[in-house]
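Line by line, the protein sequences give chains D and U.
Positions in the first sequence are counted from 1; adding 1 to them yields the working numbering.
Positions in the second sequence are counted from 1; adding 1 to them yields the working numbering.
By construction, the Cβ of each residue, glycine as well, lies at the ideal position given by its N, Cα and C atoms.
Accompanying notes for the structure given below.
Number of protein chains: 2
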Amino acid sequence: MTRMHKENNLSKNQQIIFDLIDKSPEPLKAYTILYNVQKKGINAPPQVYRALDKLVEIGKIHKIESKNAFVACKNSDCEISKATAFSICESCEMVDEISDVKLSKYLSSFNHKKGMKFKRFNLEFFGLCKKCK
Amino acid sequence: MTRMHKENNLSKNQQIIFDLIDKSPEPLKAYTILYNVQKKGINAPPQVYRALDKLVEIGKIHKIESKNAFVACKNSDCEISKATAFSICESCEMVDEISDVKLSKYLSSFNHKKGMKFKRFNLEFFGLCKKCK
DNA sequence: TACATACTGTTATATTATAACAATTCTAAC
DNA sequence: GTTAGAATTGTTATAATATAACAGTATGTA
Chain D
2 MTRMHKENNL SKNQQIIFDL IDKSPEPLKA YTILYNVQKK GINAPPQVYR ALDKLVEIGK
62 IHKIESKNAF VACKNSDCEI SKATAFSICE SCEMVDEISD VKLSKYLSSF NHKKGMKFKR
122 FNLEFFGLCK KCK
Chain U
2 MTRMHKENNL SKNQQIIFDL IDKSPEPLKA YTILYNVQKK GINAPPQVYR ALDKLVEIGK
62 IHKIESKNAF VACKNSDCEI SKATAFSICE SCEMVDEISD VKLSKYLSSF NHKKGMKFKR
122 FNLEFFGLCK KCK
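What follows is the structure in structure tokens.
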């Protein structure tokens, strides 16, 4: 009768995968995650993708769309997971979550001329980080 | 001695694929494109991806990262392909390129605290379009 | 206890994208 | 016009990313 590991409200697989992403200094791809958790009994892609989907849904992690990779949320477990912004170094691949209240407010209140009301946005900036330029 | 079709500076395959994307009311995926151009002699994925890469590079099309799909640029063949913004309907999947000078200027002049100078950004807004809400 | 919901494990397969190599066409310079 | 380099093409194979489908287990609430 194994117990689910529900510290933080996460299930066992979710916790294992979140911990891995949270410790990583860089975004992790799904199959990199898979290779790294096989020793913990997570054997197949659907197990990884299901945990990732859930973690994204509850704002513990974000997907970097341009890289198909995942990072842990750095904004107090992301109340603002509906308003994400990242800076991405094109040389070393480093990704940093941007938490800038003015930027976030500016974009959250942006309304499209064509009558669309936005619920969510994702912004990705690209350039060279301090080290690489 | 077939000639390349160089109206607009595009090669034959690039022109065929651009025309298809440009006529489409919605973003097209690479393999949808492939199926639609097989009758024109483009048979294999690399042919499609190479043309797509080039068209993205020269700003004739943009990739919608969250959908792995491509749309034609609507901003005068995109002088601003380094500063893209889209509105995406989560219901009907419609994608619209946003050309808002103020938004573009605001984001282009945004500088990250951590000393990174940005060259390019991509912004994706999600919500419900006028029809779907 | 018993039911609904969420999570897990598993196999197979779908979808998206690139590597590698040989051949052709284009462009610009001579 | 020849020639050389760059860009484009055609082709086969395969890598990388993601989901369908189904059976079983755990959890939480009535």
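**OP:** Figure out for me which residue from U:L124, U:Q15 and U:C133 has the closest Cα to the Cα of U:K61.
**Re:** U:Q15
**OP:** Label U:N123 either buried or exposed according to how many other C-beta atoms from any shown protein chain fall within 10 Å of its C-beta, with 16 as the threshold for buried.
**Re:** buried
Original post:
What does D:E94 reach in chain U if we use C-beta pairs closer than 9 Å?
Top reply: None at all; the shortest Cβ gap to chain U is about 13 Å.
**OP:** Could you tell me whether the Cβ of D:C130 comes closer than 8 Å to any Cβ of chain U?
**Re:** yes
Original post:
CB-CB under 6 Å to U:S100, same chain, minus the five flanking residues each way: which ones, in chain order?
Top reply: N76
Subject >> In DSSP terms, what D:D97 is bridged to >> reply: D:S88
**OP:** Identify, in the order they occur along the chain, each residue of the same chain with its Cβ nearer than 6 Å to the Cβ of U:D78, setting aside the five sequence neighbours on each side.
**Re:** Below a pLDDT of 50, predicted positions are generally treated as unreliable, and U:D78, at 48, falls in that range; no measurement from the model is reported.
Original post:
So, using beta-carbon positions, are D:F139 and D:F87 closer together than 8 Å?
Top reply: The structure shown does not extend to residue 139 of chain D, since chain D spans only 2 to 134, so no value can be given for it.
**OP:** Go through its chain and collect everything with a Cβ distance to U:V96's Cβ below 8 Å, but skip five positions before and after it.
**Re:** E27, P28, I65, K68, A70, V72, F87, S88, I89 and C90
Original post:
If we call anything under 8 Å between Cβ atoms a contact, is D:L53 one with D:A84?
Top reply: no
Original post:
Would U:G42 be called buried (16 or more neighbouring beta carbons within 10 Å of its own) or exposed?
Top reply: exposed
Original post:
Hey, is D:I43 close to the ligand ATP, as in C-beta under 7 Å from one of its heavy atoms?
Top reply: The ligand ATP is not part of the structure shown, which contains no ligands of any sort.
Original post:
Using a beta-carbon distance cut-off of less than 7 Å, what residues from the segment 116–128 of chain D approach chain U?
Top reply: G116, M117, K118, F119, K120, R121, F122, N123, L124, E125, F126, F127 and G128
Original post:
Is the CB of U:L104 under 8 Å away from at least one CB in chain D?
Top reply: yes
Subject >> Within chain U, partners of D:E66 - CB distance below 8 Å >> reply: E66, S67 and E125
Subject >> Where D:G128 falls, given that 16 or more other Cβ within 10 Å makes a residue buried >> reply: buried
**OP:** Please classify D:E125: does DSSP put it in a helix, a strand, or coil?
**Re:** strand
Original post:
CA-CA distance, D:Q39 and D:H63?
Top reply: 22 Å
Original post:
Are any of the Cβ atoms in chain D nearer than 8 Å to that of U:F19?
Top reply: no
Subject >> alpha helix (DSSP H) runs contained entirely in the segment 15–70 of chain D, provided each spans 4 or more residues >> reply: 31–38 and 46–58
Original post:
Nearest CA to the CA of U:S92: which residue from U:C130, U:F111 and U:N112?
Top reply: U:C130
Original post:
DSSP on D:L11, reduced to helix/strand/coil?
Top reply: coil
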